[in-house]
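J.:
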Amino acid sequence: MSDNITVAGVSVDTRHWIGGERVASAGSFTDHSPIDGTVLGEIARGGPAEAQAAVAAARDAFPGWAATPRAERARILHAVADGVEKRIEELAIVETTDNGALLRSHRRGVMPRVAHNFRFFADWLLRLDHEDFETRGHTNHVSWDPAGPCVLITPWNAPLMLATWKVAPALAAGDTVVLKPAEWSPLTASLLADIAAEAGLPAGVLNVVQGYGSEIGDALTSHPDVRRISFTGSVPTAKRIAESAAANLTPLSLELGGKSPLLVFADADLDLAVDLAVEQYDNAGQVCLAATRLLVEEPVAEEFTRRFVEKATALRQGDPRDEDTDIGPTIHPRQLEKIDGFVRRAVAAGARAVIGGRRGDGQYYAPTLLTDVAQDSEIVQEEVFGPVLTLQTFTGEDEAVRLANDTRFGLAATVATGDRERAERVTARLVAGTVWVNCFFVRDLQAPFGGSRQSGVGREGGTWSFDFYCDLKNTVTAPKGWDRDHG
Numbered sequence: 003m004s005d006n007i008t009v010a011g012v013s014v015d016t017r018h019w020i021g022g023e024r025v026a027s028a029g030s031f032t033d034h035s036p037i038d039g040t041v042l043g044e045i046a047r048g049g050p051a052e053a054q055a056a057v058a059a060a061r062d063a064f065p066g067w068a069a070t071p072r073a074e075r076a077r078i079l080h081a082v083a084d085g086v087e088k089r090i091e092e093l094a095i096v097e098t099t100d101n102g103a104l105l106r107s108h109r110r111g112v113m114p115r116v117a118h119n120f121r122f123f124a125d126w127l128l129r130l131d132h133e134d135f136e137t138r139g140h141t142n143h144v145s146w147d148p149a150g151p152c153v154l155i156t157p158w159n160a161p162l163m164l165a166t167w168k169v170a171p172a173l174a175a176g177d178t179v180v181l182k183p184a185e186w187s188p189l190t191a192s193l194l195a196d197i198a199a200e201a202g203l204p205a206g207v208l209n210v211v212q213g214y215g216s217e218i219g220d221a222l223t224s225h226p227d228v229r230r231i232s233f234t235g236s237v238p239t240a241k242r243i244a245e246s247a248a249a250n251l252t253p254l255s256l257e258l259g260g261k262s263p264l265l266v267f268a269d270a271d272l273d274l275a276v277d278l279a280v281e282q283y284d285n286a287g288q289v290c291l292a293a294t295r296l297l298v299e300e301p302v303a304e305e306f307t308r309r310f311v312e313k314a315t316a317l318r319q320g321d322p323r324d325e326d327t328d329i330g331p332t333i334h335p336r337q338l339e340k341i342d343g344f345v346r347r348a349v350a351a352g353a354r355a356v357i358g359g360r361r362g363d364g365q366y367y368a369p370t371l372l373t374d375v376a377q378d379s380e381i382v383q384e385e386v387f388g389p390v391l392t393l394q395t396f397t398g399e400d401e402a403v404r405l406a407n408d409t410r411f412g413l414a415a416t417v418a419t420g421d422r423e424r425a426e427r428v429t430a431r432l433v434a435g436t437v438w439v440n441c442f443f444v445r446d447l448q449a450p451f452g453g454s455r456q457s458g459v460g461r462e463g464g465t466w467s468f469d470f471y472c473d474l475k476n477t478v479t480a481p482k483g484w485d486r487d488h489g
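In case it helps, the working numbering puts the sequence shown at residues 3 to 489.
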């Protein structure tokens, strides 16, 4: 197995990054491009030995990094952001080749956001403070102490952006990190290790280990030296991680699946509502926040559907490297089979495919809209994670809220209405970690982010991230006792 592969002209090291060094494994796994199935290369396949080594490196590096002054930690994180910005084109083309998302999105939005993740948490660290307060003359001082080594397990749908959403605040907090990227899209995590090292991040502060699921994951999440675990992915995997972490009572932050609704009221701007609905096909529907359940008030349902079909059928599906492509491929043949299975079972149960409902060549699945679906059906209740939307109708706010809340998830919701008071009433009743009104996917890093119900545990973003990645300490000091003669 070669230590390096070339992806779209960019050299990527396929080994782990542990303790500031590249580390090989006896085994490997094959990484394919979802665009055309091309073999990109063989990736080092870690297991318990690599997990132990990475955690040990993070443990050994922790005291020095935790003691590093805030200003110096922030300076290094800004240097990492500088490195990302210098390599935006390389990162964009590697990630598009590896996971199939649109190149234009990576160039213009995703990779600049990666740099912003580091800058934001570096700056937030410098202003992170809590006013002292008095209790019967005693002074209370709250501090954020670095917690220790963190295991961060990230998904394949937005690999680098979601990885740095965790890595940046953990490093800013003074923690050390073991990052385990998804095996279907591991390449940009390796490039991040290079960028961090060039920026001056000390050896062992960031470690990157690659591997398949529980082969390496169990050893990471059950390790007694790990102080925090953050995971983004599926509910079944989260349950396994929680069981693994329970032996050590390791705190968890879990951002899981979603089955989010888009509520369209009759008083909404229909053009805006249709735009919001079609936007849910972004990244071939492989977005945890996607509002895959379209709930439309009956008086406008027919017109909404007509406009939606017109706009959705105009989307261009194809090679994500082409500037005029709107929808790329699904990530992996297994994911394509999963999506197709959901649709075939739904149609067999009586659903009607207004558009799509079929797979294309390779790993492409046509944008799909299903109607005539029952509220308790699998297609309405379970996360498909593909370009598949359902449409149901409602009459009145009560039914809209009932349908919206009637799943085991609660990650996000979107509301389209022209009535501000209605928006306030409805959003107050929705079970969701994030609610968008007449907009979608507007994310500010200082806002809390996470899910309700089985969509997650905890919140990250802004101070909430530091609350998770730190041990909060309250020091209470008496007003007397400072004049003792020490001889």
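For each residue, glycine too, the CB sits at the ideal point set by N, CA and C.
Note that this is a predicted model, so its numbers are computed, not measured.
DSSP on Val169, reduced to helix/strand/coil?
T.: The residue labelled residue 169 in the question sits at position 167 within the sequence shown. Helix.
J.: Checking 7 Å against the spacing of the C-beta atoms, do Gly213 and Gly48 come in under that value?
T.: What you label residue 213 is simply residue 211 of the sequence shown in a count that begins at 1. What you label residue 48 is simply residue 46 of the sequence shown in a count that begins at 1. Yes, Cβ-Cβ distance for Gly213 and Gly48 is below 7 Å.
J.: Helix, strand or coil for Gly43, going by three-state DSSP, please let me know.
T.: By 1-based counting over the sequence shown, the position of residue 43 is 41. Strand, per DSSP.
J.: In terms of DSSP beta bridges, what is Thr220 paired with?
T.: Along the sequence shown, read from residue 1 onward, the residue named residue 220 stands at position 218. The sequence given here places Asp at residue 220; Thr does not occur at that position. Beta-bridge pairing links Asp220 to no other residue.
J.: Quick one: using the 10 Å Cβ neighbour count with 16 as the cut-off for buried, is Glu426 buried or exposed?
T.: Here residue 426 corresponds to residue number 424 of the sequence shown, with the count starting at 1. Answer is exposed; the Cβ neighbour count stays below 16.
J.: Starting from Asp147, trace the beta strand (DSSP E) both ways and give me its first and last residue.
T.: As a first step, residue 147 is located in the sequence shown; it is residue number 145 there, counting from the start. Taken as a continuous stretch (DSSP letters only), the beta strand (DSSP E) holding Asp147 covers 140-148.
J.: Go ahead and label Ser27 buried or exposed: buried means 16 or more other beta carbons lie within 10 angstroms of its beta carbon, across all protein chains shown.
T.: Within the sequence shown, the letter at position 25 stands for residue 27. Classified as buried, Ser27 has 16 or more neighbouring CB atoms from the shown chains inside 10 Å of its CB.
J.: Which first and last residues belong to the beta strand (DSSP E) in which Val266 is found?
T.: Translated into the one-based positions of the sequence shown, residue 266 becomes position 264. Element bounds for Val266: 263-266.
J.: Ala198 CB to nearest chain D CB: under 7 Å?
T.: This model lacks chain D altogether, as it is built from one protein chain only.
J.: Would you say Thr234 and Leu164 are within 7 Å of each other, going by their C-beta atoms?
T.: Within the sequence shown, numbered from 1, the residue matching residue 234 stands at position 232. Within the sequence shown, numbered from 1, the residue matching residue 164 stands at position 162. Yes, these two residues count as a Cβ contact at 7 Å.
J.: Note down the Cα distance separating Ala10 from Ile333, rounded to an integer number of angstroms.
T.: Along the sequence shown, one-based indexing puts residue 10 at 8. Along the sequence shown, one-based indexing puts residue 333 at 331. Their Cα atoms are separated by approximately 18 Å.
J.: Please classify Asp472: is it buried, with 16 or more other beta-carbons within 10 angstroms of its beta-carbon, or exposed?
T.: The sequence position of residue 472 within the sequence shown is 470, counting from 1. Residue identity check: residue 472 is Cys in the sequence provided, not Asp. Under this definition Cys472 is a buried residue.
J.: Do Trp126 and Trp158 have their C-beta atoms within less than 7 Å of each other?
T.: Here residue 126 refers to the residue found at position 124 when the sequence shown is read from its first residue. Here residue 158 refers to the residue found at position 156 when the sequence shown is read from its first residue. No; because the gap between Cβ atoms is not below 7 Å, this pair is not in contact.
J.: Report yes if the C-beta of Pro188 is less than 6 Å from at least one heavy atom of the ligand COA; otherwise report no.
T.: Because no ligand of any kind appears in the structure shown, any question about the ligand COA cannot be addressed here.
J.: Quick one: Cα of Asp328 to Cα of Lys313, how far?
T.: Here residue 328 is taken as the residue at index 326 of the sequence shown, counted from 1. Here residue 313 is taken as the residue at index 311 of the sequence shown, counted from 1. Taking the straight line from one Cα to the other gives about 12 Å.
J.: Could you check the C-alpha separation between Arg431 and Pro322 for me, to the nearest Å?
T.: Numbered from 1 along the sequence shown, position 429 holds the residue referred to as residue 431. Numbered from 1 along the sequence shown, position 320 holds the residue referred to as residue 322. Roughly 39 Å between the two C-alpha positions.
J.: For the region 259-272 against the region 285-295, do three or more pairs of beta-carbon atoms, one drawn from each stretch, fall closer than 8 Å, so that the two count as touching?
T.: yes
J.: Determine the direct distance from the alpha carbon of Thr373 to that of Gly388, and round the result to whole angstroms.
T.: In the sequence shown, counting from the first residue as 1, residue 388 sits at position 386. In the sequence shown, counting from the first residue as 1, residue 373 sits at position 371. Each residue's alpha carbon lies about 16 Å from the other.
J.: Tell me which residues share the same chain as Val25 and place their Cβ nearer than 8 Å to its Cβ, disregarding the 5 neighbours each side in the sequence.
T.: Numbered from its first residue, the sequence shown carries residue 25 at position 23. Result list for Val25: Arg17, His18, Trp19, Ala46, Glu52, Ala55, in chain order.
J.: For Trp167, is the classification buried or exposed, using 16 other Cβ atoms within 10 angstroms of its Cβ as the cut-off for buried?
T.: Locating residue 167 in the sequence shown gives position 165, where the first residue counts as 1. Buried, because 16 or more other Cβ atoms sit within 10 Å of the Cβ of Trp167.
J.: Since Phe470 is in the alpha helix (DSSP H), which residue starts that stretch and which ends it?
T.: Residue numbering aside, residue 470 sits at position 468 when the sequence shown is read from its first letter. From DSSP, the alpha helix (DSSP H) with Phe470 extends over 464-471.
J.: Is the region 246-258 touching the region 448-468, taking contact as three or more C-beta pairs under 8 Å?
T.: yes
J.: Can you give the Cα-Cα distance for Asp273 and Ala414, rounded to whole angstroms?
T.: Here residue 273 corresponds to residue number 271 of the sequence shown, with the count starting at 1. Here residue 414 corresponds to residue number 412 of the sequence shown, with the count starting at 1. If you take the alpha carbons of Asp273 and Ala414, they lie about 22 Å apart.
J.: Need the endpoints of the alpha helix (DSSP H) that Lys88 sits in, please.
T.: Against the sequence shown, residue 88 aligns to sequence position 86. Where Lys88 is concerned, the enclosing alpha helix (DSSP H) stretches over 72-88.
J.: If we count the other Cβ atoms within 10 Å of its Cβ and call it buried at 16 or more, is Val484 buried or exposed?
T.: Numbered from 1 along the sequence shown, position 482 holds the residue referred to as residue 484. Looking at the sequence shown, residue 484 is not Val but Trp. Its Cβ having fewer than 16 others within 10 Å, Trp484 is exposed.
J.: Exposed or buried, what is Arg318 when buried is set at 16 or more other beta-carbons lying within 10 Å of its beta-carbon?
T.: Here residue 318 is taken as the residue at index 316 of the sequence shown, counted from 1. By the 16-neighbour rule on beta-carbons within 10 angstroms, Arg318 is exposed.
J.: Flag this pair as yes or no: are the beta carbons of Ala76 and Leu128 separated by less than 7 Å?
T.: On the sequence shown, residue 76 is found 74 positions in, with the first residue counted as 1. On the sequence shown, residue 128 is found 126 positions in, with the first residue counted as 1. Yes.
J.: Quick one: is Gln377 buried, meaning 16 or more other Cβ sit within 10 Å of its Cβ, or exposed?
T.: Here the question's residue 377 lines up with position 375 in the sequence shown. It is exposed - the Cβ of Gln377 has fewer than 16 other Cβ atoms within 10 Å.
J.: Report the rounded CA-to-CA distance for Val180 versus Glu23, giving the unit in angstroms.
T.: Against the sequence shown, residue 180 aligns to sequence position 178. Against the sequence shown, residue 23 aligns to sequence position 21. Cα-Cα distance, rounded: 14 Å.
J.: Can you grab the Cα-Cα spacing for the pair Gly489 / Asp147, in whole Å?
T.: Residue mapping note: residue 489 aligns to position 487 of the sequence shown, counting from 1. Residue mapping note: residue 147 aligns to position 145 of the sequence shown, counting from 1. Because Gly489 sits at a pLDDT of 46, beneath the cut-off of 50, its placement in the model cannot be relied upon, and the following sentence gives the value as read from the coordinates. Near 34 Å, if we compare the C-alpha coordinates of Asp147 and Gly489.
J.: Excluding five sequence neighbours on each side, which residues of the same chain lie with their C-beta closer than 8 Å to the C-beta of Asn407?
T.: As a working note, residue 407 is residue 405 in the sequence shown. Around Asn407: Arg431, Leu432, Val433.
J.: Taking the C-alpha atoms as reference points, what is the distance between Asn101 and Gln394?
T.: The residue given as residue 101 occupies position 99 in the sequence shown. The residue given as residue 394 occupies position 392 in the sequence shown. C-alpha separation (whole angstroms): 32 Å.
J.: With a threshold of 16 other CB atoms inside 10 Å of the CB of His140, please say whether the residue is buried or exposed.
T.: The residue labelled residue 140 in the question sits at position 138 within the sequence shown. Exposed, because fewer than 16 other Cβ atoms sit within 10 Å of the Cβ of His140.
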